[in-house]
Amino acid sequence: MQSLSSRSDPITEISPVVALHCSGHDSHQWDFLRTLIEPSVPFYAFDLIGTPARGPWKGGPKFGLQDEAVALITHITRIGEPVHIVGHSYGGALGLHIAGNQPELVLSLCLYEPTSFSLLKTDQVEDGRLLKEIETLASDIQSAVEQGCSEFAASLYTDFWGGVGSWQTLSRARRQALADWIPKVVLDFQALIDEPAQTRNVFVPTTLMFGSQSHPHTQRIVEILTRDLDQAKLTEIPGADHLGPFRFRDCVAGVIWRHLLEHSSTKDRSRISA
60 MQSLSSRSDP
70 ITEISPVVAL
80 HCSGHDSHQW
90 DFLRTLIEPS
100 VPFYAFDLIG
110 TPARGPWKGG
120 PKFGLQDEAV
130 ALITHITRIG
140 EPVHIVGHSY
150 GGALGLHIAG
160 NQPELVLSLC
170 LYEPTSFSLL
180 KTDQVEDGRL
190 LKEIETLASD
200 IQSAVEQGCS
210 EFAASLYTDF
220 WGGVGSWQTL
230 SRARRQALAD
240 WIPKVVLDFQ
250 ALIDEPAQTR
260 NVFVPTTLMF
270 GSQSHPHTQR
280 IVEILTRDLD
290 QAKLTEIPGA
300 DHLGPFRFRD
310 CVAGVIWRHL
320 LEHSSTKDRS
330 RISA
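Here it is as structure tokens:
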């Protein structure tokens, strides 16, 4: 795929982009996007807690998205102006958290299936069933980790999101990396399920992407967000599942680029106080 920009594009000053990766990966998830967007666009992909670059969580047993967001808020504040946040899965939920709690830092959101599981806490029977399935998955992974079966825990996680058999297709090195990381997913599930609903505080333009073949859990979350966010636009990626940013990266990158162009033509030049 060639650069997403072209000489026929209107001259647009695009605000800085902050890209947040999904659980089980690191900032390199967004290397592909970095190479495709206009080189003049300030682009920041940060490693989250649990990655080799950041190390494990060193706090107590209770963990929330606010703990993950602390370092990111510091980084964004140092950038000095509101940013576009791009996020996938856990990174998308984290982007919503930052926009809901520090709205002055965020110019827009472009999210692929944010795993904001707490949004499934509704009075709808089907939502309750979907949430229970996620809670069961999280419990099974936690039990396996506590019993010292990190590879089994990582395989449960991988096959749930990537499809049955996905674990077997991974290289030995990739399996080991996931097994080393998997204790963090226990904390991630806890944070995502316990996160207070912040949708009422999110007022920025938001593009929500979902895969046509994705789990009903994330499709339902995207549906709720589209309903609740005043400035939300929904984009379906045909044939994609939850791993769309990896398996359909050209299509996802194209949606992200169009989002950036659409929401940067009247750039907010207000500065953030450091």
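Sequential numbering of the sequence shown, starting at 60, is according to our numbering. Think of the CB as a built atom: it goes at the ideal place given N, C-alpha and C, for glycine as much as any other residue.
- In chain order, Leu267, Ala291, Leu293 place their CB closer than 7 Å to the CB of Thr285, counting only its own chain and leaving out the 5 sequence neighbours on each side.
- If you draw a straight line from the Cα of Thr136 to the Cα of Leu179, it comes to about 31 Å.
- Taking the Cβ atoms as the reference, Ile315 lies roughly 12 Å from Phe307, outside the contact range of under 8 Å.
- Membership of Ile283 in the alpha helix (DSSP H) is indicated by the continuous run 275-287.
- When DSSP states are grouped into helix, strand and coil, Ile108 belongs to the coil group.
- In the structure shown, Val100 adopts coil according to DSSP, grouped into three states.
- The residues Pro101, Ile138, Val142, in chain order, have a CB closer than 6 Å to that of Pro75 in the same chain once the five nearest residues on each side in sequence are set aside.
- When secondary structure is reduced to three states using DSSP, His143 falls in the strand class.
- Ser209 is not a Cβ neighbour of Ala250, given a cutoff of 8 Å.
- Shown here, Gly270 sits in a strand according to DSSP, grouped into three states.
- In the displayed model, Lys121 falls within coil according to three-state DSSP, outside both helix and strand.
- In this structure, the CA atom of Ile280 is about 20 Å from the CA atom of Phe305.
- Sequence-distant Cβ neighbours of His147 in its own chain, meaning closer than 6 Å and more than five residues away, are Cys81, Tyr171, Pro304.
- DSSP lists Gly270 as the beta-bridge partner residues of Ile296.
- If you compare the alpha carbons of Gly118, Pro115, Val145 with that of Tyr103, the shortest gap goes to Val145.
- Among the bridge pairs identified by DSSP, Ser167 is matched with His143.
- Taking a contact to require three or more Cβ pairs closer than 8 Å, the segment 232-248 and the segment 202-221 qualify as touching.
- Around the Cβ of Thr174, a 10 Å sphere holds 16 or more other Cβ atoms; the residue is buried.
- Residue environment for Val129: exposed (fewer than 16 other C-beta atoms within 10 angstroms of its C-beta).
- Check the Cα spacing between Ile252 and each of Leu153, Arg234, Thr265: the tightest is with Leu153.
- For the beta strand (DSSP E) assignment, the uninterrupted runs of no fewer than 3 residues enclosed by the segment 147-213 are, from N- to C-terminal side, 165-171.
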